[in-house]
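Chemist: In the numbering used here, the protein residues as written are 3 to 488. Glycine residues also receive a C-beta, built at the ideal position from the N, C-alpha and C atoms. All of these numbers come straight from a predicted model, not from anything done at the bench. Encoded as structure tokens, here's the structure I'll be asking about.
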């Protein structure tokens, strides 16, 4: 693998800042240091950067003009949506040479088609907004994330977001029918198709989905909608082990089939953290258990059907000793409270000190063994550390997080991050899994990418990057290090 020398990036001149600003209007070009701060640090504070300029275009034409000038002047561009990413993919570096392209103003829902079940939306549309607009139309947009009130569709696409509904509806890749993309040289790829079947050549959109803004800038997308369920039921079950969770999953699938729209596994410690974080939610069950499962059943027919299926599943699980106790939400408020317990688990860890986080996936059948062996690794390497494990076990995606021991030194604990993550990721790969399930590579997982991806895969990925972005101006330093290329 050849390396080439990369010239040291130069800070942007005031003249260049003015040229870029004129493309979107001075009022939409942020240069004030105080206002820039909110764009420079990611949610966990692990990655930060510097920039003299944030541009807020309002149209694809403006994005195209920005990229034409960026190509002409070899100015690196960092696309940024809601700034909710967790691997540092949306932050510039420390050179002050990279501009940030924000999509807050590129936020129109261009059209919605109830009959065709599609929505044409711009990249800056907030996920929660699309969910609500779809519901007003009598449809469902199923992508659901803890950050859905801030995260934008463009960012969801750039990371191939997953969330809690993957079990039934798939990742965002499966929810997208077409894209509009501005290429690094300013050309616009208009592939905004709404058809389900299209075998007319290479499926170009899938190169940009999950590419973290390194190949081009997604400006609009055609997203799939679904019929709004006529009935939804949510329940919690207390169980003794992840193995029991898999038994319950098989049982739920056999009775519910495609009606099983949620199946989340949570450890007791995860639940404790969530309850401590949000005083407005309560224990779902009168007694505590080592593990919990949140189940959701959605029916296209009626609430009665959803409830009957849920009751059948839980009654059989209790009879067979798979579940030790269970409770079904009695109204929408309780349904929301049940889901809130699960959704708060990521944020709840902040108040418990530092955390070494892993967003991984393994084959569903491997989940119990992975959790046992990973627990031994943590006990060996970090005695007293607290494992916070939860996730979408129905598709094998776990958030395997390790919180520092109570009273431990934060810096000393975090100094072990790379070593601990390498061991966990090695185990994941031995199980036939993936070291990044839904968060992406960004800056955080570049070493893991180089360690665990095959040399052939790395070569192909680099070839694609160089083909689309020969000048290296698209989100440099993300996925691959900025100082190495072929």
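1) Determine the extent of the alpha helix (DSSP H) in which residue 364 is found, giving its start and end residues.
2) Exposed or buried, what is residue 217 when buried is set at 16 or more other beta-carbons lying within 10 Å of its beta-carbon?
3) Below 8 Å, how does it come out for the segment 257-276 and the segment 382-399: are there three or more Cβ pairs, yes or no?
4) Distance, Cα to Cα, residue 473 vs residue 55?
5) Pull up the DSSP beta-bridge partners for residue 1, would you.
6) Could you tell me whether the Cβ of residue 449 comes closer than 8 Å to any Cβ of chain C?
7) Is the separation between the beta-carbon of residue 475 and that of residue 426 shorter than 8 Å?
8) Pairs of beta-carbons, one from the segment 239-257 and one from the segment 286-293, closer than 8 Å: are there three or more?
9) If you measure between the beta carbons of residue 148 and residue 313, is that distance less than 8 Å?
10) Going by Cα to Cα distance, which pick from 342, 229, 160 and 310 is closest to residue 254?
11) Just how far apart, CA to CA, sit residue 296 and residue 324?
12) Under 8 Å Cβ to Cβ from residue 330, same chain only, skipping five residues before and after it: list those, please.
13) Within a Cβ cutoff of 8 Å, which residues of the same chain sit near residue 178, ignoring the five residues on either side of it in sequence?
14) Using a Cβ-Cβ cut-off of 8 Å (strictly less than) and excluding sequence neighbours within five positions of residue 293, which residues of its own chain qualify?
15) Would you identify the three-state DSSP class for residue 205, choosing helix, strand or coil?
16) Tell me the residue span of the beta strand (DSSP E) that contains residue 239.
17) Compare the beta carbon distance of residue 86 and residue 144 with 8 Å and say whether it is the shorter of the two.
18) Are residue 347 and residue 405 closer than 8 Å when you measure CB to CB?
19) Compare the C-alpha of residue 139 against each of 121, 146, 199 and 126 and name the closest.
20) Under 8 Å, do residue 108 and residue 79 count as touching if we go by C-beta distance?
21) Would you list the one or two residues that DSSP bridges to residue 114?
22) How long is the line joining the alpha carbons of residue 152 and residue 92, rounded to whole angstroms?
23) Residue 3 by DSSP, collapsed to three states: which one?
24) Which residues bound the alpha helix (DSSP H) around residue 46?
25) Measure the Cβ-Cβ separation of residue 429 and residue 375 and say whether it is below 8 Å.
26) With three or more beta-carbon pairs closer than 8 Å as the criterion, would you say the segment 121-134 touches the segment 47-54?
27) Please state the DSSP three-state secondary structure of residue 556.
28) Closer than 8 Å by C-beta to residue 386: which residues in its own chain qualify, once you throw out the five before and the five after it? Chain order, please.
29) Below 8 Å, can you find three or more Cβ-Cβ pairs linking the segment 110-120 to the segment 162-176?
30) Going along the chain, which residues of its own chain have a beta-carbon closer than 6 Å to the beta-carbon of residue 197, five neighbours each way excluded?
31) Out of curiosity, what's the CA-to-CA distance linking residue 231 and residue 262?
32) Once the 5 residues before and after residue 172 are set aside, which same chain residues still bring their CB inside 8 Å of it?
33) Could you check whether residue 146 and residue 233 sit closer than 8 Å to each other, using their CB atoms as the reference points?
34) Is it true that the CB of residue 349 sits closer than 8 Å to the CB of residue 273?
35) Going by DSSP, name the residue or residues bridged to residue 32.
Modeler: Let's see:
1) Taking the chain shown and counting its residues from 1, one reaches residue 364 at position 362. Here residue 364 belongs to no alpha helix (DSSP H), and DSSP marks it neither H nor E.
2) Here residue 217 is taken as the residue at index 215 of the chain shown, counted from 1. Residue burial annotation: residue 217 is buried, with at least 16 other C-beta atoms found within 10 angstroms of its C-beta.
3) Touching, per the Cβ criterion.
4) Along the chain shown, read from residue 1 onward, the residue named residue 473 stands at position 471. Along the chain shown, read from residue 1 onward, the residue named residue 55 stands at position 53. Between residue 473 and residue 55, the C-alpha separation is close to 20 Å.
5) Absent from the model: residue 1. The displayed extent of the chain is 3 to 488, so no value can be given.
6) Annotation note: the requested chain C is absent from the structure, which comprises a single protein chain.
7) For the purposes of this step, residue 475 is taken as the residue at position 473 of the chain shown. For the purposes of this step, residue 426 is taken as the residue at position 424 of the chain shown. No, these two residues do not count as a Cβ contact at 8 Å.
8) As far as the Cβ criterion goes, the segment 239-257 touches the segment 286-293, which means the pair count is three or higher.
9) Here residue 148 corresponds to residue number 146 of the chain shown, with the count starting at 1. Here residue 313 corresponds to residue number 311 of the chain shown, with the count starting at 1. Against a cut-off of 8 Å, the Cβ pair of residue 313 and residue 148 comes out as no contact.
10) Position 252 of the chain shown holds residue 254. Per the Cα distances, 310.
11) Start at 1 with the first residue of the chain shown, and residue 296 comes out as number 294. Start at 1 with the first residue of the chain shown, and residue 324 comes out as number 322. Going by the C-alpha atoms only, they are around 14 Å apart.
12) The residue labelled residue 330 in the question sits at position 328 within the chain shown. Its chain contains 235, 236, 237, 309, 312, 313 and 316 as the residues whose beta carbon lies nearer than 8 Å to that of residue 330, once the 5 sequence neighbours on both sides are disregarded; these appear in chain order.
13) In the chain shown, residue 178 corresponds to position 176, counting from 1. Excluding the 5 residues flanking it on each side, residue 178 has same chain C-beta neighbours closer than 8 Å at 159, 207, 211, 223, 224, 225 and 226, in chain order.
14) As a first step, residue 293 must be located in the chain shown, where it is residue number 291. So the list reads 240, 241, 242, 243, 244, 246, 247, 267, 268, 269 and 270, once near-sequence residues are dropped.
15) The sequence position of residue 205 within the chain shown is 203, counting from 1. In the structure shown, residue 205 falls within a coil segment according to DSSP collapsed to helix, strand and coil.
16) Counted from its first residue, the chain shown places residue 239 at position 237. Run containing residue 239: 233-241, per the beta strand (DSSP E) assignment.
17) On the chain shown, residue 86 is found 84 positions in, with the first residue counted as 1. On the chain shown, residue 144 is found 142 positions in, with the first residue counted as 1. Going by C-beta atoms, residue 86 is not nearer than 8 Å to residue 144.
18) For the purposes of this step, residue 347 is taken as residue 345 along the chain shown, with counting starting at 1. For the purposes of this step, residue 405 is taken as residue 403 along the chain shown, with counting starting at 1. No, these two residues do not count as a Cβ contact at 8 Å.
19) Within the chain shown, residue 139 is the residue found at index 137, counting from 1. Closest option to residue 139, Cα to Cα, is 121.
20) Mapped onto the chain shown, residue 108 falls at position 106. Mapped onto the chain shown, residue 79 falls at position 77. No, these two residues do not count as a Cβ contact at 8 Å.
21) Residue 114 sits at position 112 when you count from the first residue of the chain shown. Under the DSSP definition of a beta bridge, residue 114 partners with 121.
22) Residue 152 sits at position 150 when you count from the first residue of the chain shown. Residue 92 sits at position 90 when you count from the first residue of the chain shown. Taking the Cα positions, residue 152 is about 14 Å away from residue 92.
23) On the chain shown, residue 3 is found 1 positions in, with the first residue counted as 1. Per-residue confidence for residue 3 stands at a pLDDT of 36, beneath the threshold of 50, marking its modelled position as unreliable; no derived number is given.
24) Residue numbering aside, residue 46 sits at position 44 when the chain shown is read from its first letter. Counting along the chain, residue 46 falls outside any alpha helix (DSSP H), and DSSP gives it neither H nor E.
25) Here residue 429 refers to the residue found at position 427 of the chain shown. Here residue 375 refers to the residue found at position 373 of the chain shown. Contact check for residue 429 against residue 375 passes: the beta carbons are separated by less than 8 Å.
26) Short answer: they don't touch.
27) A query on residue 556 cannot be resolved here, the shown segment of the chain reaching from 3 to 488 and no further.
28) In the chain shown, counting from the first residue as 1, residue 386 sits at position 384. Here the set comprises 407, 408 and 410.
29) The segment 110-120 vs the segment 162-176: no contact.
30) Taking the chain shown and counting its residues from 1, one reaches residue 197 at position 195. Result list for residue 197: empty, nothing under 6 Å.
31) Here residue 231 is taken as the residue at index 229 of the chain shown, counted from 1. Here residue 262 is taken as the residue at index 260 of the chain shown, counted from 1. Near 12 Å, if we compare the C-alpha coordinates of residue 262 and residue 231.
32) For the purposes of this step, residue 172 is identified with residue 170 of the chain shown, where counting begins at 1. Taken in chain order, the list of residues that qualify is empty.
33) By 1-based counting over the chain shown, the position of residue 233 is 231. By 1-based counting over the chain shown, the position of residue 146 is 144. Against a cut-off of 8 Å, the Cβ pair of residue 146 and residue 233 comes out as no contact.
34) Numbered from its first residue, the chain shown carries residue 273 at position 271. Numbered from its first residue, the chain shown carries residue 349 at position 347. No, these two residues do not count as a Cβ contact at 8 Å.
35) Along the chain shown, read from residue 1 onward, the residue named residue 32 stands at position 30. DSSP lists 56 as the bridge partner or partners of residue 32.
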